[in-house]
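Visitor: Residue numbers for the sequence shown, in my numbering: 1 to 556.
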Amino acid sequence: MKTDIQIAQEAQLKPVKEVAEQSGIEEDELEFYGKYKAKLSEELWERIQERPDGKLVLVTAINPTPAGEGKTTTTVGLGQAMVKLGKNALIALREPSLGPCFGIKGGAAGGGYAQVVPMEDLNLHFTGDFHAITSANNLLAAMLDNHIQQGNALKIDPRQIVWKRCLDMNDRVLRNIVVGLGNKMDGMVREDHFVITVASEIMAILCLAENLQDLKKRLGRIIVAYNFDGEPVTAEDLQATGAMTALLKDAIKPNLIQTLEHTPALVHGGPFANIAHGCNSVRATRMAMKLSDITITEAGFGADLGAEKFLDIKCRMAGLKPDAVVLVATVRALKYNGGIKKEELAKENLEALEKGIVNLEKHIENMQKYGVPIIVTLNSFVTDTKAEHEFVRRFCEEKGCQFALSEVWEKGGEGGIALAEKVLDTLEHKESNFHTLYPDEMSLEDKIETIAKEIYGAANVLYEPAAKKQLAKIASLGFDTFPVCMAKNQYSLSDDANRLGRPENFDLHIREVYVNAGAGFVVALTGAIMTMPGLPKVPAANGIDVTEDGKITGLF
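1. Using 8 Å for Cβ pairs, my map puts residue 556 next to residue 107. What's the rounded Cβ distance?
2. Would the beta-carbon of residue 292 fall within 8 Å of that of residue 114?
3. Among 155, 309 and 391, whose alpha-carbon lies nearest the alpha-carbon of residue 233?
4. Taking 8 Å as the cut-off, does the region 200 to 210 touch the region 253 to 265 (at least 3 CB pairs, one atom from each stretch)?
5. Below 8 Å on the Cβ atoms is my guess for residue 532 versus residue 224; work out the distance and round it to an integer in Å.
6. Would DSSP call residue 403 helix, strand or coil?
7. What residues in its chain sit with their C-beta under 7 Å from that of residue 174, if we drop five residues either side in the sequence?
8. How many angstroms separate the CA atom of residue 176 from the CA atom of residue 127?
9. Rounding to the nearest angstrom, what Cα-Cα distance links residue 47 and residue 294 in this structure?
10. Whole alpha helix (DSSP H) runs in the region 270 to 337 with 4 or more residues, listed along the chain?
11. One question on the structure: do residue 297 and residue 58 come within less than 8 Å of each other, judged by their Cβ atoms?
12. Does residue 242 pass the burial test, meaning 16 or more other C-beta atoms within 10 Å, or should it be called exposed?
13. Could you check the C-alpha separation between residue 35 and residue 12 for me, to the nearest Å?
14. At which residue ranges does the region 19 to 45 contain complete beta strand (DSSP E) runs of 3 or more residues, listed in the order of the chain?
15. Under three-state DSSP, which class holds residue 130?
16. Which term fits residue 429, buried or exposed, when burial requires 16 or more other beta carbons within 10 angstroms of its beta carbon?
17. Apply the 10 Å Cβ neighbour rule to residue 400 and answer buried if 16 or more other Cβ atoms are within range, or exposed otherwise.
18. Pick out whichever of 452, 487 and 515 has its Cα sitting closest to the Cα of residue 503.
19. Taking 8 Å as the threshold, find out whether the region 456 to 471 comes into contact with the region 508 to 517 through three or more Cβ pairs.
20. Tell me the DSSP bridge mates of residue 96?
21. Ignore the nearest five residues each way along the sequence and tell me which others in residue 435's own chain have a CB closer than 8 Å to its CB.
22. Return the bridge partner residues of residue 60 from the DSSP annotation.
23. Which one of 517, 161, 135 and 134 has the shortest CA to CA distance from residue 147?
24. Residue 386 to residue 529, Cα distance in whole Å?
25. With DSSP as the reference, label residue 111 as helix, strand or coil.
26. So residue 112 and residue 73 are supposed to be a Cβ contact under 8 Å. How far apart are they, rounded?
Structure, rendered in structure tokens:
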């Protein structure tokens with residue numbers, strides 16, 4: 001079988017202007033980045049903004065495992081299948097981060113014959129959005145330190161600086177650093193920190209902003225530090241907002257590329273779902289819904305993270321109402337949750353499948369809490385057996401869910417026809433009664449407890465003393481009406497990555513809480529979650545190379 005990158009490099013791409021024509025986008029409404037990439041202009045939005053919205057389908061998954069789930073692959077394949085059925089469909093995805101691309105996870109362009117292309121461009125620098133976000137973030141950090149160096153008129157307390165620098169790379173040694181070493185002219189010596197770009201507040205702001213004006217207002221509200229009186233100091237106080245906006249004026253425009261079957265795909269923004277809110281930009285989703293009858297989007301990692309944040313943060317802020325949820329699982333991942341080692345997953349094992357399917361069960365129950373119809377799809381592997389497929393199908397139907405087998409990795413859009421038909425049937429015959437999990441007026445502690453108990457299945461929430469103080473401070477500043485963005489490991493429903501399946505009667509540990517005032521949510525760090533990942537012992541970067549004729553190899 002060919003590798004993903006071989007399939008992508010052998011594909012015959014259409015010029016992006018031809019891809020745009022399929023969605024009624026005119027050439028002068030595109031801003032080209034070569035032959036196969038373009039940004040969508042503000043003029044396009046002005047022309048289509050009064051159109052009625054199409055249907056919105058969210059693709060999510062069970063907790064990720066080393067066995068793979070194929071959520072992006074399913075999203076892409078479903079979009080291709082919809083077009084094969086004659087539907088006007090668009091795909092809305094996130095941009096991949098360089099961190100996991102060179103780390104352990106690889107890229108995020110789908111796989112097999114359900115990919116978005118050009119795959120190498122997407123996984124590497126793409127249209128420069130992440131570089132712009134990194135630059136805006138670090139400009140603010142530089143202006144903050146410069147303000148202190150130049151006399152500190154705002155009386156910023158160096159012990160209460162909360163703004164961190166960022167880099168879109170897994171680099172553990174930057175988690176905790178000391179800056180300002182040298183002589184007096186080199187700045188004040190203090191402890192500093194880096195986060196990965198996709199976990200930065202500016203990434204979240206870019207993805208939640210309605211337009212350039214909203215982006216500017218949100219940037220101005222960013223809290224960078226507190227003064228000696230304990231009052232917040234913002235980016236606007238530092239007069240950094242205009243310059244940051246200038247760096248992001250093009251990055252806020254959604255990107256258009258295509259799938260292997262030339263289905264249009266809007267790929268924009270890329271916040272991590274285990275740390276940030278894990279969804280593509282509101283602007284891209286809204287544009288897709290105006291340009292198509294059916295928009296298929298995804299949320300990062302498992303439904304306990306990405307889907308919960310999509311529904312409780314993105315939909316709440318943007319007024320979006322999803323019409324259906326597609327929940328992706330694999331036989332291999334379910335058996336892994338049932339305690340089977342990765343090396344043994346190719347063998348039929350109905351007993352392990354029965355043990356591990358409780359993970360899928362919990363995600364089904366969680367999504368049902370939001371009042372949105374659910375379709376479960378099993379991403380097919382060649383090692384699966386008919387008995388295993390039938391076991392999962394019966395289980396899902398007993399839970400009141402539509403079920404379809406997906407073969408999009410192997411067959412592209414053709415392999416997603418069965419899933420597409422189930423989604424179309426759901427959109428036509430089942431009404432979505434979407435509602436968020438908790439109201440705005442609920443206290444932050446109650447919001448955290450609601451997510452922990454209702455979505456994760458925790459028995460109790462335990463706070464570090466520092467987290468308790470931080471919650472009180474956030475509430476005193478008037479940010480207690482914000483939704484909560486939980487930062488948790490993606491592998492388990494609990495905050496312990498080793499507890500697979502459906503853990504119960506566990507304590508969820510909150511070690512730190514802080515407010516992203518510009519993004520408009522409060523972040524709660526659980527367990528040992530890191531906002532700057534590290535590389536594994538053997539990084540994916542070891543296998544990436546460029547041939548003499550300039551062809552990239554080793555990306556996956």
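Glycine included, each C-beta is placed from N, C-alpha and C at the ideal position.
Guide: This is what the structure holds:
1. 6 Å
2. No, they are not a contact pair.
3. 155
4. Short answer: they don't touch.
5. Not really, about 18 Å apart at Cβ, beyond 8 Å.
6. strand
7. 167, 194 and 532
8. 30 Å
9. 19 Å
10. Complete alpha helix (DSSP H) runs here, min 4: 282 to 291, 315 to 318 and 331 to 337.
11. yes
12. Under this definition residue 242 is an exposed residue.
13. 12 Å
14. 30 to 32 and 38 to 40
15. In the structure shown, residue 130 sits in a helix (DSSP, three-state: H, G or I).
16. exposed
17. exposed
18. 452
19. yes
20. BP columns for residue 96 are empty, so no partner.
21. 370 and 371
22. Its beta-bridge partners are 327.
23. Comparing Cα positions, the closest option is 161.
24. The straight-line gap separating the alpha-carbon atoms of residue 386 and residue 529 is approximately 38 Å.
25. Looking at residue 111 - three-state DSSP - the assignment turns out to be strand.
26. 7 Å
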